[in-house]
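In the working numbering, the protein residues as written are 34 to 1046. Just so you know, even glycine gets a beta-carbon here, dropped at the ideal spot from N, CA and C. Everything below concerns the one structure shown next.
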């Protein structure tokens, strides 16, 4: 059966079908969402809970642990990490990819409800959670500043007006605000005045709490009317709260303002944010999973002028970072790359065929096949992103290859004197099985990519399926549209007899004949290439994913754990000023403090100028490190933000190494030993531990005997300390569109030393002394304590985060860490591992090897079925060493590490190079079967007749990858390893396979014949 026959017989219908399919592809192109990477939903939920004023130890034991105990029972939970600091905890839950995020959210809420009875009293609100996809980075980041409004009002406008209106826009999934707190009334008590009045903080707290109640009053019903009862019991302004009566002494009322300074303030004074040095808040806008990021951001920008009508004129809205700028540039860069690839392919085809009409046929097949591929992408719900566009660029070579094979066969038959119509049908019949075999083998080579099980596999599945769609579209177009167009090729310019063999062809014939008579040297060269491939694989540095230059840096600042908020603020602002002096920096946001965050840690997001206006991100980071080396007392750690974010257990640097064990002291000792080893490693820099033990702690020792004498309970002591030093929310203010807190604490002058306890009173049970000085029942004791604690999977854990030094790759770092771990002989109860990107990189070596072996096995099975032979697939697979060694040599020469992208390129090489072998083997088998030629004569004739299409298809494939290898625009970091590997592999394989394939075919065929005899 000739698939092309009905299409060749109906050229008009075929042309219209091709036109219709092209239009469908254009419609799909217009509707495909644009993104940086494929949308991969990673079910991740973050649980947050706060207890203002509580130490990290208290938070971990009383707040985080009960939640962890319940959350750890959820089915499908793969990782759980808890970070507890002064005032709060954050628990990050990662679930199996097969678990629905909505189902996970329901399970999390049920676990929180079950744990609520075990949580401590005094929490300002129940634990909350939100869905978080580590891969869903903010599409755009805005900053709000004002020269007039206080930060609390800016925050409330951002949280109330801006967040609400942006959340309603199409495509927006989540809007979060950080950098300030909502307003509050702050009651700063004077211990001296309280002592004079014999007042306790408990009395003040009870009075404020009672004054903030807002209870229903009921209704009054008359004969024909109903009246709703209301009372002026709601206090809003600070001056109103100052008049609240807290007690009576000698018949005289004592008002709150008599013993405290009552001011309008914010809920947490130990939190601040800046934008380019001005106080402000930052707004992160994330898109919905299936939304077009470009359309979403465009809609948001269009809504900003209307949004400004609802904001005060003094409020300024800035753009810190817009990811669509880079995405647009990346898409445009890939479009240019595809156009260059198509242009190079046209030149190659024209040079070989030297006939305009014949050249136009494969050129015409490109848009139709690509349109079919785009339509398939639309059906599958894919997007135009770095990986799918990379697949389309490579697909240009695949698409033209099949068309070139058919066109070359048609031209050859016309040179033998056949009419164009007959030549087209005969070429389609002859080459139909070959193209099917090539397409099946190529698709089989990609099967391991499609079956990669983890989150990385989910990302590359779109790349693999896009290529499979292009391969199938190419085969369909080559066996339908291409023969139809070839049937109309003009006879003019085509000789009726084949031209005389060129000098190169005669030389190839003579040299190949010699190799067929003496196969030893060729087989030895083939074995040497296989051994060289293995040696290069071992020697090449192993990376994971190339570091992208996305134009934004995440910066973590760390200083002395016992630093005060005021000192940290000065250091953070100095770091920000220094970074802004760098010419490559466009803008930055900075913030410190907040519930659940250590005061000694700060964060900055640095937006860089466009790539055309600055050097690469690594050079920018090196320059910033040099500048910040002069900021005494502050350590800074830079992480270029990556589109492919794989989560992890948190840390100041990009990669994480974790230790988990039941004994905190043994765990700390082991982690310190590993930290010191890592600091000395030449492969690693920016080592940061999550187990700091240098924070100052004012320990308070209770004299339990004296406390019992005065009837003072530990609970009363805890409450008094919390009232004094914990920024305790003690009352609520009900506003028309929001709410605020009344916060209780002692005045700042009384917070400077543990000796402040002398002026505080605690309620007792003795009638003689109802108020007891706190200093009589306890004494202070200075010490050190952890400022933050981390649990991993429900057990005490330590995270050592690190970066790789310039010129080093993650594979080198992982090997060095494992070697150090082996020499330290850590206790058996301490379990170690890598998380996040480092964890995936640790599995990368095995993944790369299995990927290649899986491709080889899949190709062998498919070809064995197609040829009904166990021998001929081995002939085709013999091309692999020459392809792989070329790709690995190219990586070595260019200094490119063997990353996952480069490994996938090797898999593609397997498929591309075996095309040449299939072309030879098919013709040789036909010559043996139809003309009865001997093995050596058949393979010699096949190699000579297929030399031109083999050279054409190899050059087409190589030149389509050249723009990827030489690209320098946005997103080139992902594409370049693939292009380098493909070009190197194709060049070397072209030189070897023209000889190795015929020789291996002849040798194996003689072996098979001898065995059958």
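The Cβ atoms of residue 486 and residue 699 lie no closer than 7 Å to each other.
Beta-bridge analysis with DSSP links residue 586 to 639, 673.
Beta-bridge pairing by DSSP links residue 625 to 305, 635.
For residue 655, the enclosing alpha helix (DSSP H) covers residues 650–661. Residue burial is scored here from C-beta neighbours: residue 260 has fewer than 16 other C-beta atoms within 10 angstroms and is therefore classed as exposed. Close CB contacts of residue 942 within its chain, under the 6 Å cut and outside five residues either way in sequence, are with 916, 920, 1018 (chain order). In the three-state scheme derived from DSSP, where H, G and I count as helix and E and B as strand, residue 415 is classed as coil. Proximity of the region 873–891 to the region 977–987 falls short of the contact definition, fewer than three beta-carbon pairs being nearer than 8 Å. Judged by DSSP secondary structure, residue 949 falls within the alpha helix (DSSP H) whose first and last residues are 933–964. Residue 549 is a Cβ neighbour of residue 1035, given a cutoff of 7 Å. With distances taken between CA atoms, residue 380 lies nearest to 437 out of 515, 444, 437.
Per DSSP, the unbroken beta strand (DSSP E) holding residue 209 starts and ends at 205–211. Note: residue 219 is bridge-paired with 296, 776 in the DSSP secondary-structure output. Within the region 824–852, the runs of beta strand (DSSP E) at least 3 residues long that lie entirely inside it are, in chain order, 828–837.
The region 698–755 contains, as complete beta strand (DSSP E) runs of 3+ residues, the segments 717–722, 728–735 (chain order). By the Cβ criterion, the region 1025–1032 is in contact with the region 931–950, since at least three pairs of Cβ atoms, one from each stretch, lie closer than 8 Å. Look at the region 220–268 and you find these whole runs of alpha helix (DSSP H), each 4 residues long or longer: 224–229, 234–244.
Contact annotation: residue 402 and residue 506 have beta-carbon atoms nearer than 7 Å. Within the same chain, and ignoring the five residues on either side of residue 209 in sequence, the residues whose Cβ sits closer than 7 Å to its Cβ are 317.
Cβ-Cβ separation between residue 463 and residue 442: approximately 6 Å, consistent with a contact (criterion under 8 Å). A check of alpha carbon separations from residue 748 across 796, 691, 722, 553 identifies 796 as the nearest.
By the neighbour-count criterion, in which a residue is buried when 16 or more other Cβ atoms sit within 10 angstroms of its Cβ, residue 150 is exposed.
In the structure shown, the three-state DSSP call for residue 179 is strand.
Counting other Cβ atoms within 10 Å of its Cβ, residue 320 reaches 16 or more and is therefore classed as buried. In the same chain as residue 825, and ignoring 5 residues on each side of it, the C-beta atoms closer than 7 Å to its own belong to 114, 682, 691, 693, in chain order.
Beyond the five residues adjoining it in sequence on each side, residue 93 comes within less than 6 Å, by CB distance, of 117, 822 in the same chain, given in chain order. Following the DSSP letters along the chain, one finds residue 867 inside the beta strand (DSSP E) bounded by residues 864–868. In the three-state reduction of the DSSP assignment, residue 198 falls in the helix class. In the same chain as residue 468, and ignoring 5 residues on each side of it, the C-beta atoms closer than 7 Å to its own belong to 435, 438, 508, 511, 512, in chain order.
Contact between residue 1007 and residue 934 holds, with the beta-carbon distance rounding to 6 Å and staying under 8 Å. Secondary structure at residue 858: coil, using DSSP grouped into helix, strand and coil.
Counting only residues of its own chain and dropping the five nearest sequence neighbours on each side, residue 286 has a CB closer than 6 Å to the CB of 278.
Under the three-state reduction of DSSP, residue 876 is assigned to coil, being neither helix nor strand. Secondary-structure assignment with DSSP links residue 620 through a beta bridge to 640. By the neighbour-count criterion, in which 16 or more other beta carbons inside 10 Å mark a residue as buried, residue 343 falls on the exposed side. Counting other Cβ atoms within 10 Å of its Cβ, residue 1012 reaches 16 or more and is therefore classed as buried.
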